[in-house]
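Below is one structure, written out as structure tokens; the observations come after it.
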Ligand code: IVH
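Residue numbers (my numbering): 1 to 661.
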């Protein structure tokens, strides 16, 4: 018996070693046939001898039983996002912002930006215990069994690993598989995956791990959440350790010492892009030294010490069949190119935006022209240029409508913008777009309430505006064709669930002009509650990071509009209660209340308050017995006297920063 046990152990060791050599070191030592043979032998022995079962055996990669649904998993530390830049000028600006804060003695690590699915792996005492998706950054889905099927994910760490490691990385799908899946889906008239990330997500979010195991997925590790029991000073040291622990990192990473080196690295990676078997959409730059990273800190949900520098778009050539005119939320009428379908980067492109009349004029584009179409990531593809040499003489001019294609009302143009607008605020197309935006994934995220649903509900007059969504009942929905009892209930539940969405989502969902996701987040962080956001005057809004005069004016225009106010009132009456948003810099100050007094050495009071909130603390205006700390600067006044009376602890700016660290 002893010999079977020894053989099993030997096989496990050999297979793990082969995985490590292949995936981490990129130096395969045995052939695929040999690997498969070892694997098969191990599977059979384990089946015959269940007494030697071990959860960390490489055979456990084959995956567990199918699930009903995924359970939720809360990350110990939020999974953040990155700011994007697209040009050398923006890079220079970013770099200068860094030098402004941390001086010029720092290095940067450049890595490819994988167009994949963000994942977190938790290793406790070296064993993989949980793998989860990013989700909303705070809570993701537990997809452990599926992630275990990926060969480059070790079930057990090697060497001198930390006692707790939350490692983050990207799950990627091969280009080949991505195109294959999309072609199959196109044939079956199923919706296509917009990008490799969605395809990777679709593969990981299979309830049956056997399906996941069939897709060729891979993992590259690039960052950490919580880590206990390991120490390093730089990102570079950290990724080197990843490899020692058996975690796969990408070989195309570099320590960069100057702006010039960064730009060269960008060009170098861009050149290799085509030849890589999976999609990358740019490079990620990270300030290398952890102390410098801390110094730079975070803004909203992205670190200030890292940035994604994206590649230019991909192109395809096709014919312009026709132009449709679409009415947007704000009444702007956008010409949409109807194209002869063309595959660009694994995605079938059938339409593209032409932006506005000026664009049509400057392209000199006509119907039946041969055109160059570009697509970049999730952005709607756009028509880049016309190949006039391909004209045959049957091309037709494009005419902008003078009446709204939806309501027939007048279309106006103004001096200061090129847009054509439908002036009818009650235009059904505008309302539909407004509601679609409200329900969309990045806004209120009402699961199951897609664009088609909104059109139907409007057509049947079951909804009028945001608040009427919350009045929908399963009975009302069941009156609609093909709507069963269960799915009607499910949709109503999904709508009701969004009543307690976060404030940033809510603000974004309102569809205020110029207020994108990021601005909404900064507004939510700054104001903390819907009430104070709604009451904000222009001068208050201008204090918010990245909010300029144009944005502030648009917000005030929106929040002071009677109809908008009454719609928000209705939402509140239905029980919609946006929650203030969580912090993103960690929870070092969770549960602590601060008051700030005097002039601080380096931070303004607003910045100090932001810093505190960012790390989970609360800031109030006056000292009371509920105050935990008084943050004291020079020339402190009556607040200090009061704090001393109440024996509230005093803290300096430096001590606050130390506390956060
Ligand atoms: S570092 C603070 N490195 O891009 C986030 N992220 O847009 C630190 N991503 O959610 C992440 N390649 O999932 C990092 N080499 C790379 C990456 C990378 C892709 C993803 C990541 C993140 C997203 C942000």
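Positions of the beta carbon are idealized from the N, C-alpha and C atoms, including for glycine.
Would a C-beta distance cut-off of 8 angstroms place residue i and residue j closer than the cut-off?
{"i": "residue 570", "j": "residue 467", "result": "yes"}
{"i": "residue 719", "j": "residue 323", "result": "Outside the modelled stretch of the chain, which goes from 1 to 661, sits residue 719, for which no answer is possible."}
{"i": "residue 113", "j": "residue 8", "result": "no"}
{"i": "residue 348", "j": "residue 186", "result": "yes"}
{"i": "residue 197", "j": "residue 117", "result": "yes"}
{"i": "residue 132", "j": "residue 219", "result": "no"}
{"i": "residue 245", "j": "residue 363", "result": "no"}
{"i": "residue 199", "j": "residue 181", "result": "yes"}
{"i": "residue 724", "j": "residue 660", "result": "Given that the chain is displayed from residue 1 to residue 661, the structure contains no residue 724 and the question cannot be resolved."}
{"i": "residue 80", "j": "residue 303", "result": "yes"}
{"i": "residue 533", "j": "residue 523", "result": "yes"}
{"i": "residue 339", "j": "residue 319", "result": "yes"}
{"i": "residue 511", "j": "residue 438", "result": "yes"}
{"i": "residue 140", "j": "residue 221", "result": "no"}
{"i": "residue 58", "j": "residue 97", "result": "no"}
{"i": "residue 495", "j": "residue 472", "result": "yes"}
{"i": "residue 109", "j": "residue 250", "result": "no"}
{"i": "residue 411", "j": "residue 401", "result": "yes"}
{"i": "residue 352", "j": "residue 380", "result": "yes"}
{"i": "residue 149", "j": "residue 213", "result": "yes"}
{"i": "residue 259", "j": "residue 92", "result": "yes"}
{"i": "residue 587", "j": "residue 618", "result": "no"}
{"i": "residue 102", "j": "residue 146", "result": "no"}
{"i": "residue 75", "j": "residue 225", "result": "yes"}
{"i": "residue 537", "j": "residue 551", "result": "no"}
{"i": "residue 365", "j": "residue 317", "result": "no"}
{"i": "residue 130", "j": "residue 73", "result": "yes"}
{"i": "residue 446", "j": "residue 498", "result": "yes"}
{"i": "residue 643", "j": "residue 634", "result": "no"}
{"i": "residue 427", "j": "residue 406", "result": "yes"}
{"i": "residue 611", "j": "residue 600", "result": "no"}
Say the cut is 7 angstroms; is the CB of residue i nearer than that to a heavy atom of ligand 1?
{"i": "residue 310", "result": "no"}
{"i": "residue 284", "result": "yes"}
{"i": "residue 201", "result": "no"}
Assuming residue i and residue j form a contact by the criterion Cβ under 8 angstroms, report the distance between their Cβ atoms to the nearest whole angstrom.
{"i": "residue 300", "j": "residue 521", "result": "5 angstroms"}
{"i": "residue 332", "j": "residue 306", "result": "About 34 angstroms separates the two Cβ atoms, so there is no contact after all."}
{"i": "residue 665", "j": "residue 107", "result": "Residue numbering for the chain in the displayed model covers 1 to 661; residue 665 lies beyond these limits and cannot be assessed."}
{"i": "residue 70", "j": "residue 143", "result": "6 angstroms"}
{"i": "residue 598", "j": "residue 636", "result": "4 angstroms"}
{"i": "residue 491", "j": "residue 449", "result": "6 angstroms"}
{"i": "residue 77", "j": "residue 38", "result": "That pair is no contact at about 38 angstroms."}
{"i": "residue 174", "j": "residue 155", "result": "Between residue 155 and residue 174 the Cβ distance is about 22 angstroms, and since that is not below 8 angstroms, they are no contact."}
{"i": "residue 172", "j": "residue 278", "result": "4 angstroms"}
Check whether the Cβ of residue i sits closer than 7 angstroms to any heavy atom of ligand 2, and report yes or no.
{"i": "residue 315", "result": "Within the structure as shown, ligand 2 is missing, the only ligands being ligand 1."}
Pocket of ligand 1 defined by Cβ to heavy atom distance under 5 angstroms
80, 81, 82, 111, 113, 114, 118, 170, 222, 223, 284, 303
Contact the region 473-491 vs the region 428-435: 3+ CB pairs below 8 angstroms:
no
Are three or more beta carbon pairs between the region 307-323 and the region 376-390 nearer than 8 angstroms?
yes
Please determine if the region 502-517 and the region 573-580 are in contact, where contact requires at least 3 C-beta pairs separated by less than 8 angstroms.
yes
Inter-stretch contact (C-beta, 8 angstroms, three-pair minimum) for the region 157-168 and the region 123-141
yes
Mind the definition here: the region 637-649 touches the region 620-628 only if three or more C-beta pairs lie below 8 angstroms; say whether that holds.
yes
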